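Asks: Just so we're aligned, residue 14 is where the sequence shown starts under the numbering used here, counting upward by one.
Backbone N, C-alpha and C fix where the C-beta goes; we use that ideal spot for every residue, glycine too.
Predicted model only: the values in this text are computed from it and were never measured.
Okay, here's the structure, questions in a sec.
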Amino acid sequence: MKKYAVITGASSGIGYELALQWANLGYHAICIARRGDKLTELKEKSPDRIHPVTFDLVNFNEYPRLLKEIEAITPYIDVLINNAGILINKPFDEFSPDEFDRMVNVNYKAPYFLLQGLLPFIEKSTLKSIINIGSIGGVDNTDKFPGLSIYSSSKGAISTLTECLAKELSVKNISINCLALGAVRTEMLSKAFPGYIPNLTPDKMAKFIVKFILQNDQIINGKVLQVAGVEV
Ligand SMILES: NC(=O)c1ccc[n+]([C@@H]2O[C@H](COP(=O)([O-])OP(=O)(O)OC[C@H]3O[C@@H](n4cnc5c(N)ncnc54)[C@H](OP(=O)(O)O)[C@@H]3O)[C@@H](O)[C@H]2O)c1
Numbered sequence: 014m015k016k017y018a019v020i021t022g023a024s025s026g027i028g029y030e031l032a033l034q035w036a037n038l039g040y041h042a043i044c045i046a047r048r049g050d051k052l053t054e055l056k057e058k059s060p061d062r063i064h065p066v067t068f069d070l071v072n073f074n075e076y077p078r079l080l081k082e083i084e085a086i087t088p089y090i091d092v093l094i095n096n097a098g099i100l101i102n103k104p105f106d107e108f109s110p111d112e113f114d115r116m117v118n119v120n121y122k123a124p125y126f127l128l129q130g131l132l133p134f135i136e137k138s139t140l141k142s143i144i145n146i147g148s149i150g151g152v153d154n155t156d157k158f159p160g161l162s163i164y165s166s167s168k169g170a171i172s173t174l175t176e177c178l179a180k181e182l183s184v185k186n187i188s189i190n191c192l193a194l195g196a197v198r199t200e201m202l203s204k205a206f207p208g209y210i211p212n213l214t215p216d217k218m219a220k221f222i223v224k225f226i227l228q229n230d231q232i233i234n235g236k237v238l239q240v241a242g243v244e245v
């Protein structure tokens, strides 16, 4: 039986590597992002198993169209990784309401409504695993950084949402966890913190996430786990 993983934010960074690794494991990877050219480039690396879906996840009114597009590929989904995210690094007193909405819509509202739409697909699968990608800054009592007030609090929201949904979804045998990541060498990080080059690469982080999902097998549920590389 074919296996399907949906990965949001698959056009770069961690999501791009996640898509490749699922495809290398024989999964069909349904890859969502806005930049269609990057998704086409990704598809060239595994033409049979990468399914690009060019879509802006903040277009909430268009979700029925997105779901139809996914339904044309598969009636069930084994793994959903809510990975798409944006980070605007700015002092608290310089943020506009529009920037606030953009960050909260991508980092928090989109995972909520995507999962709501995909729930019937996930219920029909065998693995039934959902991962929300959070951030260490969104976990209680961790170090916080100036400029990340909206980013980190939107990631805090996804952490709490994970704990709440685990209570509602466990009756359907679905597991949901939040992996709160530390610094990874990606486009997002280099734009937000020019000159800072963390040790951890996106492929290494993606490898960990894939292994976690496959080994977890619904043992860990409703948890927010901090996942950070060693920094010198
Ligand atoms: N890198 C780090 O140090 C770090 C640390 C903690 C947590 N994280 C989290 O890890 C996740 C992946 O980040 P990354 O570091 O790999 O960053 P990245 O390379 O910038 O990737 C972000 C992805 O999100 C997609 N995206 C953004 N807005 C979208 C929208 N409206 N609709 C659809 N897709 C959208 C982007 O694709 P398009 O631009 O093509 O739409 C891109 O593929 C994020 O949730 C981030 O918050 C990263």
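May I have the straight-line CA-CA distance separating Ser59 from Glu136, to the nearest angstrom?
Replies: Translated into the one-based positions of the sequence shown, residue 59 becomes position 46. Translated into the one-based positions of the sequence shown, residue 136 becomes position 123. Using only the alpha carbons, I get a separation of about 27 Å.
Asks: Who pairs with Gln239 in a beta bridge, going by DSSP?
Replies: As a position in the sequence shown, residue 239 is number 226, starting the count at 1. Ala193.
Asks: When the Cα atoms are used, what is the spatial distance from Gly130 to Tyr17?
Replies: For the purposes of this step, residue 130 is identified with residue 117 of the sequence shown, where counting begins at 1. For the purposes of this step, residue 17 is identified with residue 4 of the sequence shown, where counting begins at 1. Roughly 16 Å separates the two Cα atoms.
Asks: Can you tell which of Gln228, Lys103, Lys141 and Ala219 has the C-alpha that lies nearest to the C-alpha of Ala205?
Replies: Numbered from its first residue, the sequence shown carries residue 205 at position 192. Of the listed residues, the one whose Cα sits closest to Ala205 is Lys103.
Asks: Counting only the same chain and skipping the five closest in sequence on each side, list residues whose C-beta sits under 7 Å from that of Cys44.
Replies: Counting from one through the sequence shown, the residue named residue 44 turns up at place 31. Only Ile20, Ala23, Ala32, Leu52, Leu55, Ile63, His64, Pro65 and Val66 meet the Cβ criterion.
Asks: Nearest to Ile94 by CA position, among Leu140, Glu57 and Leu100, is which residue?
Replies: Here residue 94 is taken as the residue at index 81 of the sequence shown, counted from 1. Minimum Cα distance to Ile94 is reached at Leu140.
Asks: For Thr214, which residues in the same chain have their Cβ closer than 6 Å to its Cβ, ignoring the five residues on either side in sequence?
Replies: Here residue 214 corresponds to residue number 201 of the sequence shown, with the count starting at 1. Closer than 6 Å at Cβ, skipping near neighbours: Arg198.
Asks: Give me the Cα-Cα distance between Leu182 and Thr175, rounded to the nearest whole angstrom.
Replies: Numbered from 1 along the sequence shown, position 169 holds the residue referred to as residue 182. Numbered from 1 along the sequence shown, position 162 holds the residue referred to as residue 175. Straight-line Cα distance between these residues: approximately 10 Å.
Asks: Across which residues does DSSP place Thr87 in a beta bridge pair?
Replies: Looking up residue 87 in the sequence shown gives position 74. Looking at the DSSP assignment, Thr87 forms no beta bridge with any residue, so it has no partner.
Asks: Roughly how many angstroms separate the alpha carbons of Asn190 and Gly235, rounded to a whole number?
Replies: Position 177 of the sequence shown, counted from the start, is the residue given in the question as residue 190. Position 222 of the sequence shown, counted from the start, is the residue given in the question as residue 235. Distance between the alpha carbons of Asn190 and Gly235 is about 5 Å.
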